Amino acid sequence: MLNKKIVIIDGNSLINRTFYALPIHMANKEGLHTNAIYGFVNILNKIYKEYDPEYITVAFDMKKPTFRHNEFKEYKAGRKKMPEELAEQMPVLKEVLDAFNIHRVELEGFEADDLIGTLAKFCENKDLSPIIITGDKDALQLASDKTKVLITKKGISTLEQYGYDEVLDTYGVTPTEFIDVKGLMGDKSDNIPGVPGIGEKTAIKLIKEHKSIENLLGNLEGLTKKMKEKLTENAEQAILSKRLATIIVDVPVAISLEELKREKPNNEKVIELFNKLEFKKLLKDFDVKKERKTDVESNREVNMIDSIEKVKSLNEKIIKNEEFVLKIFSDHNNIRDEKIICTFMLVENEIYCIKDDGLLLELKPVLESVNIKKIGYELKQDMTSLKEYDIKLDGILIDVKLGAYLIDPSKKDYHISNIYDEFLGEYIENEEELLGKGKGKLNYSQLDEEKLMSYGSNLCIALSKLEGVIVERMKEDDLYELYMDVELPLIKVLGSMEYIGFKVDREKLKEIGNELDERITNLTAQIYADADEEFNINSTKQLGVILFDKLGLPPVKKTKTGYSTNAEVLEKLYDKHDIIPRIIEYRQLVKLKSTYVDGLEAVINEKTDKIHSSFNQMVTATGRISSTEPNLQNIPIKLEMGRNIRKVFVPTSDEYTLLDADYSQIELRVLAHISDDENLIEAFREGQDIHKTTASKVFEVPMDSVTSIQRSKAKAVNFGIVYGISDYGLSENLHITKKEAKKYIDEYLNKYHGVKEYMESIVKEGKEYGYVTTLLNRRRYIPELKAKNFNLRSFGERTAMNTPIQGTAADIIKIAMVKVYDRLEKNNLKSRLILQVHDELIIEVHKDEMDMVKNILKEEMENAVSLQVPLDIDMNEGGSWYETK
DNA sequence: GAGTTCACG
DNA sequence: ACGTACGTGAACTCA
């Protein structure tokens, strides 16, 4: 029968090895280095899989001196201090081990090695099979027929196993003799002297022959004169060295095998720690999942609403209760061709499901009632789904997902499973588990009945439990007003923008596409000729080889993976070869063709001939909205060639015209307001050209002699200020030296003293509270501010400076959107908001309503909030988006 | 799925 | 000494 296995790990030795074997830049976003822990846990994982041990323990050294220090003062003297990057990982590693419920052992006066030796011998006597894991060859003396010593090799990828035979095979001496070898040769890292002049080779040779140091010293015959001298002179030292190198195997320590039993990890703690350490892959490796709580409620009965009587009684119950949880599942195929599969409701702790559209319509009054509160998740989708049934969802709406976003907008996603876990520590199947992902992803109509019923009811329960917690937390964090006054009313505005869409001229798009195709074909041929071979121009790797290896152009910059070939690099090589300008043009054209012509063409709605982008309210860390499928917020404008794409975007019909209204310098105005800077405020109050004013101050010239070059430099400085300036960043942007850039910045901050004070105080504030806020109290946490890593911390500082500016601008335009939308609706106008691009709104205006709409826009946008400086907008109309300039 | 590039504010 | 401008999304290559 096989003996039970016990794994004994030398904690200090192993973490040292993993620390030096893995890249030191591995760190989480708080700046805590994680490489050594990562390696350690990986090895742990490997051991569990390969050996499946019955018992496990990790031994650590203590900082206190051991008996070896008492015997030999110089022991381990001159050893370098553990680097800070490793030291900070030690306590965290111990936390990880605790989370895994792995036993730890350390003892004053002894080293980890001694504890390991003692344990191994103890276990051998109990007929267990000890497996020692270490990064240190010293432990080889413990190898035996029963005890195996595993030593990390080549980084951490392999562990080499040594028993008695393997030590003998490899070194020609037995494990016990290995101690004598070390006694002779000494050990630099432990400062064990040994016999000077004897190294590993000689030591092994001598011990092979004489078996031990004592034997050797008693029989020096047959050795060279020099060797004899060395040995006699250092005899005492050799004996001492041997004693120091000997691992103690009878440390007086009480061992209880029971304590060393391998236990199940505390999954909750492991998950928490791995999340903190950002060990994504390891989470999967260990298959640590939250145990599903056997929630009595999770199998609650679903009341099917399948008759007019039932829907009427449900209706009454809702009116009486004044609130309910709502979750609509639709096939979600297409915004204007969407089919509701079923609607779940939770009223007074009872779950209902409606599948019949006709019966759902019976609930139109309660769904539209402003007096009845609805609790939901992704309510924008529900609103859109209901729109097809001519139902306008209204009332106090609590979107749990939106609330979770406001509470912490930096999260990567807000899946209900994560929110439920985070706020209540409870489990619900995640969407991925339910529907799959990627190609095989199902939609709700393909889900089998049973799963849909259980997921729908569990979701309603989760939402009803979460609502109170989320609202409470919003109130605590001063976010509730932002939610009620801005974010909630914005849901319907975004939904409406998506629903209405932006009309496109298909013919025009095709025309542009054809022209691009022709030019790309020609350019491709020329580039192949230039290169004297055909290659994939889209491949930066292949392009790099052609430009820098074959054609011998000087590489300007490198990336992680090779040569950089971005626009900036190509610009620097512009005159060096004919191929360069062609590549630059090729890149531009291909971008236009693939992203804007083909990309847009692919998302034109067949039914409406329009593009219905999705506007996401819960993505950005600053509070901006984002646009996807397609992104309508990055349609080209800077270069004429790309700008032509905007000719494709047209009004719905000849009754309409497009009107574009954009805030002028909104971010700098926001900066003027929040920094309270006298000069900046004055400049805006007097309607000055702000870049020119900045130029005049930075370069100390009168306003009317500012050159256009100075103005454009000042513009870059203004941008830099908004982004959280650094001399390096500005120097890169302006192609000037860092020193010069620093001069500009210093000059700026001298002249705009309020800005300087703001930048300093906001970083301080961020550090103190852990977050920064916008005008409307929108919050963003910045853990990077406390990072030890310089780059990360600097990034945190720039974020702290930029977020209140960008975020406040986002607040302002969101308010404007809600107000404009409401005015258009209240006045029963046909004109409607169809797009927002961060500081501009695009309205499709009915031609009869132009003046009225212009007034509404001007009023609502300029008075969205009241700042210390005026808000100013520019408006342009046109028959296509291109013309609104 | 990561890395690179490039379109916008 | 450190080495990046802030915020996004999409297309493409390559492992």
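Residue 1 is where the first sequence starts when you use the working numbering, and the numbers rise one by one after that.
Beta carbons are placed, not taken as given, at the ideal position from N, Cα and C, and that holds for glycine.
Just so we're clear, the structure is a prediction, and the values are computed from it rather than from any experiment.
Per DSSP, the beta bridge partners of P130 are I6. H612 carries a coil assignment under DSSP once its states are collapsed to helix, strand and coil.
Inter-segment contact for the stretch 772–780 and the stretch 689–708 is absent: fewer than three beta-carbon pairs are separated by less than 8 Å. For M875, the enclosing beta strand (DSSP E) stretches over residues 873–878. Across the structure, P555 and D532 are spaced so that their CA atoms are roughly 20 Å apart. Residue pairing of D399 in beta bridges, as defined by DSSP: G376.
By the neighbour-count definition (other C-beta atoms within 10 Å, threshold 16), L573 is a buried residue. I398 sits away from I419, with the two beta carbons spaced by 8 Å or more. With a minimum length of 4 residues, the unbroken runs of alpha helix (DSSP H) contained wholly in the stretch 461–525 fall at 488–500. L128 and Y55 have their C-alpha atoms some 10 Å from each other. Around the CB of I537, 16 or more other CB atoms lie within 10 Å, so the residue is classed as buried. In the DSSP secondary-structure assignment, T152 is bridged to L159. Annotation: P91 to L282 spans about 19 Å, alpha carbon to alpha carbon.
Going by beta carbons, E629 and S653 fall outside the 8 Å limit. Per DSSP, L140 lies in no alpha helix (DSSP H) and is assigned neither H nor E. DSSP, read as helix, strand or coil, puts T170 in helix. For V325, the pairing in a beta bridge is given by DSSP as L346, I375. Under the three-state reduction of DSSP output, H577 falls in the coil class, being neither helix nor strand. Under DSSP, S866 forms no beta bridge with any residue. The residue among A810, R519, E686 with its C-alpha nearest the C-alpha of D662 is A810. Between the stretch 403–418 and the stretch 606–626, the count of Cβ pairs shorter than 8 Å is three or higher; the stretches touch. When secondary structure is reduced to three states using DSSP, S705 falls in the helix class. By the beta-carbon neighbour count (other beta carbons within 10 angstroms, threshold 16), I24 is exposed. As the crow flies, the alpha-carbon of M850 is around 23 Å from that of K492. By the CB criterion at 8 Å, T657 and G879 fall inside the cutoff. For N303, there is no enclosing alpha helix (DSSP H); the residue is part of the beta strand (DSSP E) that begins and ends at 302–305.
Listed in chain order, the alpha helix (DSSP H) elements of length 4 or more contained wholly in the stretch 195–281 are 200–210, 213–218, 225–233, 235–245, 257–260, 267–277. Remark: fewer than three beta-carbon pairs, one from each stretch, lie closer than 8 Å, so the stretch 539–554 and the stretch 588–606 are not flagged as touching.
For the 8 Å CB-CB criterion, I8 and I131 form a contact. Going by DSSP, E84 is part of no beta strand (DSSP E) but of the alpha helix (DSSP H) stretching over 84–87. Cβ-Cβ distances below 6 Å link I805 to E667, V670, L671, V722 in the same chain, with the five nearest sequence neighbours on each side left out; the list follows chain order. By the Cβ rule, the stretch 306–315 does not count as touching the stretch 263–271, because fewer than three pairs are nearer than 8 Å. When E322, R582, D52, E74 are compared, the shortest CA-CA separation from T521 is found for R582.
Within its own chain, the residues whose Cβ lies closer than 8 Å to the Cβ of H33, once the five positions on either side in sequence are excluded, are I24, M26, A27, E85, L86, E88, Q89, listed in chain order.
If you keep only unbroken alpha helix (DSSP H) runs of at least 4 residues inside the stretch 753–777, you get 753–769. Per DSSP, reduced to three states, the secondary structure at F110 is coil, with no helix or strand assignment.
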